[in-house]
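Participant:
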Amino acid sequence: MSTTTEQAAASRRSGLKPSATAAGLRDHRLSRPYYDAAKRVMDLVLCMMLLPFVLPVIAVCAAAIWLEDPGPVFFMQNRTGRFGRRFRMYKLRTMVTNAEELKEQLRHLNELTWPDFKLTNDPRVLKVGAFLRKTSLDELPQIFNVIRGEMSLVGPRPTSFSSDTYTLWHTERLEVLPGITGLWQVSGRSDVDFDDRLRLDIEYIRRRSLWFDIKLLVRTVLAVIRPKGAY
Numbered sequence: 001m002s003t004t005t006e007q008a009a010a011s012r013r014s015g016l017k018p019s020a021t022a023a024g025l026r027d028h029r030l031s032r033p034y035y036d037a038a039k040r041v042m043d044l045v046l047c048m049m050l051l052p053f054v055l056p057v058i059a060v061c062a063a064a065i066w067l068e069d070p071g072p073v074f075f076m077q078n079r080t081g082r083f084g085r086r087f088r089m090y091k092l093r094t095m096v097t098n099a100e101e102l103k104e105q106l107r108h109l110n111e112l113t114w115p116d117f118k119l120t121n122d123p124r125v126l127k128v129g130a131f132l133r134k135t136s137l138d139e140l141p142q143i144f145n146v147i148r149g150e151m152s153l154v155g156p157r158p159t160s161f162s163s164d165t166y167t168l169w170h171t172e173r174l175e176v177l178p179g180i181t182g183l184w185q186v187s188g189r190s191d192v193d194f195d196d197r198l199r200l201d202i203e204y205i206r207r208r209s210l211w212f213d214i215k216l217l218v219r220t221v222l223a224v225i226r227p228k229g230a231y
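Rendered as structure tokens:
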């Protein structure tokens, strides 16, 4: 399948008009200091409003994780952020404590193209972890990444591999802060393959505005209520 055809397929899923080429998308990479400043204010205001509600939910989820599988309740992983900077992203742990070791043993069963990894019935996932993933509650601790300025509420999803492994057109997504939610998360989540995720992220960068961010936040709430593609 050609690059243009693949981009069109990704755009159909997102409801956006397709861009002709990755190079065409680069023409839209304009500095938007006023938008960036306004978005930062919006992130902080929303986080502070949500924090009193989020903290008790995190506490209950953490207790449920520990009761099923005693050990650390938070999962921290190095992710790639804006301009390729690495940072520690927080999540609630949804797997057994030795999940990374088991991942290598299960790699031959991977249903996606590496570096993505998916098993339909992943034996490493806790019972409570499956619920947290389905409802996206495992992502709640990332509110602290947003407060620290490492992430935004809306933006491209941060990847676990470093920027030097990106192909040239993939680096488009490093121009903005990564987000807790974004365009590909509301366009099928894990049902969207790796390259299409990146194309959707680039589409977001091209279209980004406060109004578009608000629309994606609303679509995220609807996607959580009607989960699709979560694993």
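If you're matching positions, the sequence shown starts at 1 in full-length UniProt numbering and goes up one per residue. For glycine and all other residues, C-beta sits at the position ideal for the given N, C-alpha and C.
Should G149 and G179 be called a contact, given that it needs their Cβ atoms to be closer than 8 Å?
Facilitator: Result no, Cβ atoms of G149 and G179 do not sit closer than 8 Å.
Participant: To the nearest angstrom, how far is the alpha carbon of P72 from that of R206?
Facilitator: Distance between the alpha carbons of P72 and R206 is about 39 Å.
Participant: Kindly give me the distance between the Cβ atoms of R219 and G182, rounded to whole angstroms, as I take these residues to be in contact under 8 Å.
Facilitator: Their Cβ separation, rounded to whole angstroms, is 10 Å, which puts R219 and G182 out of contact at 8 Å.
Participant: How should S160 be labelled, buried or exposed, when 16 other C-beta atoms within 10 angstroms of its C-beta is the threshold for buried?
Facilitator: Exposed is the call here.
Participant: Label L174 either buried or exposed according to how many other C-beta atoms from any shown protein chain fall within 10 Å of its C-beta, with 16 as the threshold for buried.
Facilitator: Buried, because 16 or more other Cβ atoms sit within 10 Å of the Cβ of L174.
Participant: By Cβ distance below 7 Å, which residues in the same chain neighbour L132 in space, the five residues on each side in sequence not counted?
Facilitator: So the list reads C61, L92, T94, D138, once near-sequence residues are dropped.
Participant: Where does V73 fall in DSSP's three states?
Facilitator: Note: V73 maps to coil in three-state DSSP.
Participant: With which residues is N78 paired in a DSSP beta bridge?
Facilitator: N78 is bridged to R88.
Participant: Span of the beta strand (DSSP E) holding residue 240?
Facilitator: Outside the displayed span of the chain (1 to 231) sits residue 240, for which this structure offers no information.
Participant: Quick one, which of P141, M151, E68, L46 has its alpha-carbon nearest F83's?
Facilitator: Per the Cα distances, M151.
Participant: Using CA atoms only, rank isn't needed, just tell me which of I143, K127, D201 is closest to M49.
Facilitator: The option with the nearest alpha carbon to M49 is I143.
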